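Read the structure below first, then the notes.
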Amino acid sequence: MRMTEFTEQVSAVSELSPAGELRTVVSPQCVVQENEPLSRRTTLRVGGSADLWVEPATEPDLIAMLQWAGDRGMPVMLLGRGSNLLVRDGGIRGMVICLCQPHFARVEVEGCRVRCGAGARLKAVSNEARNHELAGLEFLEGIPGSVGGALRMNAGAHAGSIFDAVVEVRLLDLHGRVQVMSGAGMEAGYRSCPMLRTHVAVEAVLEGRPEARAAIEQRMKEFNHKRWSSQPAAPSAGCVFKNPDSIPAGRLVEELGLKGARVGGARVSMEHGNFIVTEAGSTAAEVLTLINRIREKARSERGIELETEVQIVGEEADQP
Ligand code: EPU
């Protein structure tokens, strides 16, 4: 090779954007994009962009991405279905990984156990369990999330939480090293699983118990009816606050007279006081102002310190 050709090749490589560089170390089926608006990746529909948005096609791709980011000191965040997330208007620096490709969305029944990829929808898991006459996973039916997000938050509804059913979880650390842990060994609490702050769940095995399909179907219908009759259909991130010990947060917000309270396009739902719903064009700043208004009133009038259940991430927008 002549020297000029060599120099041209070197400069071509070094001029690659981060996305271009990352594409050279993963399979072509991966999605790698810069400046991906997260308002279209979250159910609340607000917030800024991710510097780098990636969808690995396989586990080796995911490992390569984690190592690539680690080598550059780039922060990494996992995003499931974005149903419990408030992204600030300045967006997220670093890499946001979404396990939404088919490899991570598998749901396979093996006897009384359901093996599911972290990207599988919770609805798909509960449907598959019902199809195989396995009870105990009906409560997942209406939670608008993925298995990975549900594990991270120990998501729950109707008095059940996902870790009640978890037998084991396959995890990667941020260097891409694989580990399998028992559900009991992961110390999940109310809406939290501390281990998943520093590890990525790629697969979980859940356990059900045999029961006739009709009985399971009936409970799923009841849960579905309860949800749609008490929770809003407008864009939201589910319950905003954790329930304090003394009173459910939704009832507290109602008693404080804050149902319907509005900041710009963000408003407290009239259907359920623990939901904030957004209109097209709303901003994360509006949602955050409303959250703070609720917290201040709960503190000053009732002495209750409300803690957010929604995960708040990213940076403030630059002031104009
Ligand atoms: N309530 C009111 N006013 C309201 C809302 C609720 O008085 O505006 C009362 C209800 O009548 C009920 C009590 O508060 O007596 C509890 O309400 P609900 O049954 O709706 O349950 P929740 O505690 O508000 C929890 C989960 C939900 C889950 C439901 C259904 C938390 C923070 N929330 O809500 O999860 O869907 O149970 O089981 O634990 C989520 O995690 O995002 C979420 C929405």
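Okay, so the sequence shown: first residue is 317 according to my numbering, each after it adds one. By construction, the Cβ of each residue, glycine as well, lies at the ideal position given by its N, Cα and C atoms. These numbers come from a predicted model, not from an experiment.
- Collapsing the DSSP output to three states places L360 in coil.
- Straight across, the Cα-Cα distance linking S585 with G464 is about 27 Å.
- Sequence-distant partners of S343 (beyond 5 residues in either direction) whose C-beta falls short of 6 Å from its own C-beta, in its chain, are A373 and D377.
- Membership of E424 in the beta strand (DSSP E) is indicated by the continuous run V423 to E426.
- For the ligand EPU, no non-hydrogen atom lies closer than 6 Å to the CB of G505.
- In its chain, beyond the 5 residues on either side, F420, A421, R422 and E519 have a beta carbon closer than 6 Å to the beta carbon of G433.
- Spatial neighbours of F539 in its own chain (CB-CB distance under 8 Å, excluding positions within 5 residues in sequence) are listed in chain order as E454, F455, E457, G458, A473 and H474.
- Relative to the Cα of D387, the nearest Cα in the group K439, E337 and E527 belongs to E337.
- In this structure the stretch 555-572 does not lie against the stretch 524-540, because fewer than three pairs of beta carbons, one per stretch, are closer than 8 Å.
- Note on H515: 16 or more other CB atoms within 10 angstroms of its CB, so buried under the neighbour-count rule.
- Taking the Cβ of R567 as the reference point, at least one heavy atom of the ligand EPU falls within a distance shorter than 6 Å.
- Contact annotation: E570 and G554 have beta-carbon atoms that are not nearer than 7 Å.
- Fully contained in the stretch 405-464 are the following alpha helix (DSSP H) runs of length 4 or more, in chain order: 438-447.
- The closest heavy atom of the ligand EPU lies less than 6 Å from the beta carbon of N559.
- In this structure, DSSP gives R507 a state outside helix and strand, which the three-state scheme calls coil.
- In the DSSP secondary-structure assignment, A550 is not bridged to any residue.
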